[in-house]
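If you want our numbering, it's the position in the sequence shown, counting the first as 1, plus 6.
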Amino acid sequence: MARINLLPWREAERKKRQREFGFMLMAAVVVTVIAIISLHMHIQSLIAAQDSRNTFLGREIAIVEQQIKEISDLGRTKAGLLARMNIIQELQSSRPQIVHLFDELVATLPEGVYLTKVSQSGTRVKITGRAQSNARVSAFMRKIEASQWLGKPNLNLIENKEETGTGLSHFVLVAQQISQNREEEK
């Protein structure tokens with residue numbers, strides 16, 4: 007058999023395969039880099055879109071928070087105005103009541119009882135005065151109880167004639183002013 011030298015052919019085949027492998031490796035690296043770059047760009051576009059949404063939501067949240075603040079301010083203003091209206095309405099309705107209170111005090115005051123001080127806190131009326139006797143104070147309390155503008159008399163203090171040195175008993179009693187408006191509402 008003749009001897010054929012296949013070494014140059016094998017060497018050429020090996021170099022060809024190495025070139026093909028290098029080319030395939032280069033192509034794989036290029037495709038991988040392109041895939042990574044395109045994936046990175048896609049992710050960056052998703053991040054940019056989400057950032058845009060977040061910015062929009064942030065602006066909308068700020069607008070809504072401002073509206074909530076305005077609404078709460080309006081609520082406080084409304085509550086203040088309603089409180090003022092209620093106070094004015096109470097003053098309007100209680101304006102004639104002070105006249106009725108003094109008329110009723112005069113009407114219920116028995117002879118021999120003298121008032122020295124009348125003070126009012128809300129519906130509570132504190133009456134300070136002098137009387138010729140304890141019986142006259144009792145009569146005054148009964149008349150207050152029967153009154154349509156006053157009620158619930160409560161005697162806080164009574165000092166006898168001897169203790170005062172004036173010949174008159176000193177007394178302090180508290181009564182409740184009855185509002186006719188409240189009675190009509192019931």
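Glycine included, each C-beta is placed from N, C-alpha and C at the ideal position. As the structure is a computational prediction, the values presented were derived from the model and not from experiment.
- Item | Reduced DSSP secondary structure (H/G/I, E/B, other) of Leu161 | Looking up residue 161 in the sequence shown gives position 155. It is a strand residue.
- Hey, would you say Ala181 sits closer than 7 Å to Leu156, going by beta carbons? Here residue 181 refers to the residue found at position 175 of the sequence shown. Here residue 156 refers to the residue found at position 150 of the sequence shown. Yes, these two residues count as a Cβ contact at 7 Å.
- Task: Could you work out which residue in Leu111, Arg16, Gln72 and Asn166 is closest to Glu151 when comparing CA atoms only?
- Result: Numbered from its first residue, the sequence shown carries residue 151 at position 145. The shortest Cα separation from Glu151 among Leu111, Arg16, Gln72 and Asn166 belongs to Leu111.
- Item | Reference Leu163, options Ser144, His46, Lys75 and Gly81, closest by Cα | Residue 163 sits at position 157 when you count from the first residue of the sequence shown. For Leu163, the nearest C-alpha among the options comes from Ser144.
- Message: Just to confirm, is the Cβ distance from Thr114 to Ser175 under 7 Å?
- Response: For this step, residue 114 is matched to residue 108 along the sequence shown. For this step, residue 175 is matched to residue 169 along the sequence shown. Their beta carbons are not under 7 Å apart, which means Thr114 does not touch Ser175 by this criterion.
- Query: Which runs of the alpha helix (DSSP H) spanning at least 4 residues fall entirely within the region 94 to 163, listed in chain order?
  - Reply: 140 to 152
- Would you grab the beta carbon distance between Lys123 and Thr134 for me? Rounded to a whole angstrom, and I think it's under 8 Å. Numbered from its first residue, the sequence shown carries residue 123 at position 117. Numbered from its first residue, the sequence shown carries residue 134 at position 128. Confirmed, about 4 Å.
- Query: To which residues of the same chain is Leu161 closer than 6 Å at the C-beta, ignoring the five residues directly before and after it?
  - Reply: Here residue 161 is taken as the residue at index 155 of the sequence shown, counted from 1. These residues qualify, in order along the chain: Leu179.
- Item | 8 Å contact criterion, which Val119 and Arg142 should meet: CB distance rounded | Position 113 of the sequence shown, counted from the first residue, corresponds to residue 119. Position 136 of the sequence shown, counted from the first residue, corresponds to residue 142. At roughly 5 Å, the Cβ-Cβ gap stays under 8 Å, so Val119 and Arg142 are in contact.
- Helix, strand or coil for Ser51 per DSSP? Along the sequence shown, read from residue 1 onward, the residue named residue 51 stands at position 45. Residue state, collapsed to three classes: helix.
- Query: How close, in whole Å, do the beta carbons of Lys193 and Ser125 come, if the pair is a contact with beta carbons under 8 Å?
  - Reply: Only positions 7 to 192 of the chain appear in the structure, and residue 193 is not among them; the question remains open.
- Thinking C-alpha only, which one of Glu117, Pro159 and Phe146 is nearest Arg130? Stepping through the sequence shown from its first residue, residue 130 is reached at position 124. If we check each option's Cα against that of Arg130, Pro159 comes out closest.
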